[in-house]
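Some notes on the structure that comes next.
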Amino acid sequence: MDQDTVCSEKTLPLAVQACAYIATKLICRNSLIRSGIDHILAGTPFIVSAEADEQASEAPALCLIYTDQAGDDVCEVISHLKTRWPSARMVHLSDHLDPIAATRALQAGLDGLCPTTMSGKVLVLALELVMLGERFIPADVSRALLDAGDRSYEGGFGGSVAAVPANDGLGGKSLSGREAQILHLITQGASNKVIARDLGLAEATVKVHVKAILRKVKVSNRTQAALWAQQHMRASSHDDIMIAAE
């Protein structure tokens, strides 16, 4: 039984371990997109309401917003939902990530901006990050905001902004083989205790490696490190962990 438990802890994604149930409202009138999101979130703590709009009586903890409308309309949707459910976290799922529209949406109270091109695993990790109180912005949008000289989002939204770290030539390329193994296990949701048991290391040694990993990939916590790994690491057929080629 102990062996089965260890296996379960290793394979559950981080979001699944974080909370047993997160009431989620999906604001989406596109049935095809809605079906895809429902499929991605199946088996995670993000339990999507059966209603296709915001008229349900239960107050959600998370609102996922998908629209084909312009940025100003998205802002109106966010403002309306914030009025109805002030404590709910707001995440916009978008096909087009325009920096100006993103800035306006963040000013309206948006907590996360996720491109529809991201993988299901990364989406779940991003939603978990939002539920932990962070704001999620893709790295390319963050860079575009900086390049445009628009820094009004920094410190202006009442919380830290968590962009997916970009592979800037330092990060993962400096990871040792052991660190890459540990980072791979972190993406599986494994705790330090489970990692130590799996790799035959002392838990204190694992903690030292984890701190080194966070420093090298330039993130501040395990969830952000897992997000980085999902985008920049891959496993070979022999379970060797490699940094994805640029």
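Take the position in the sequence shown, starting the count at 1, then add 1158; the result is the number in the numbering used here.
No residue lacks a Cβ here, since even glycine has one placed at the ideal position from N, Cα and C.
query = Among Q1265, L1283 and R1247, which one has its Cα closest to the Cα of A1219?
reply = Checking every option, the nearest Cα to that of A1219 belongs to R1247.
request  = Could you tell me the boundaries of the beta strand (DSSP E) in which I1333 lies?
outcome  = For the record, residue 1333 in the displayed sequence is Leu; it is not Ile. Note, L1333: premise wrong, no beta strand (DSSP E); not H, not E.
ask   = Going by the CB atoms, is the gap between L1239 and H1250 shorter than 8 Å?
value = Taking a C-beta distance under 8 Å as the contact criterion, H1250 and L1239 do not qualify as a contact pair.
query = Where do the N-terminal and C-terminal ends of the alpha helix (DSSP H) with R1187 fall, by residue?
reply = For R1187, no alpha helix (DSSP H) encloses it, and the DSSP letter there is neither H nor E.
message = Going by DSSP in three states, K1279 sits in which element: helix, strand or coil?
response = K1279 falls in the helix class under three-state DSSP.
8 Å Cβ cutoff met for T1202 and V1282 = Going by beta carbons, T1202 and V1282 fall inside the 8 Å limit.
ask   = Between E1337 and A1384, is the Cβ-Cβ spacing less than 8 Å?
value = For the 8 Å CB-CB criterion, E1337 and A1384 do not form a contact.
ask   = Name the DSSP beta bridge partners of V1377, please?
value = According to DSSP, residue pairing for V1377 in a beta bridge does not occur.
task = Kindly provide the ranges of any beta strand (DSSP E) runs that are 3 or more residues long and lie completely inside the region 1217-1259, ordered along the chain.
result = DSSP runs (the beta strand (DSSP E)) wholly in the region 1217-1259: 1220-1224 and 1247-1252.
8 Å Cβ cutoff met for I1185 and I1223 = I1223 sits close to I1185, with the two beta carbons spaced by under 8 Å.
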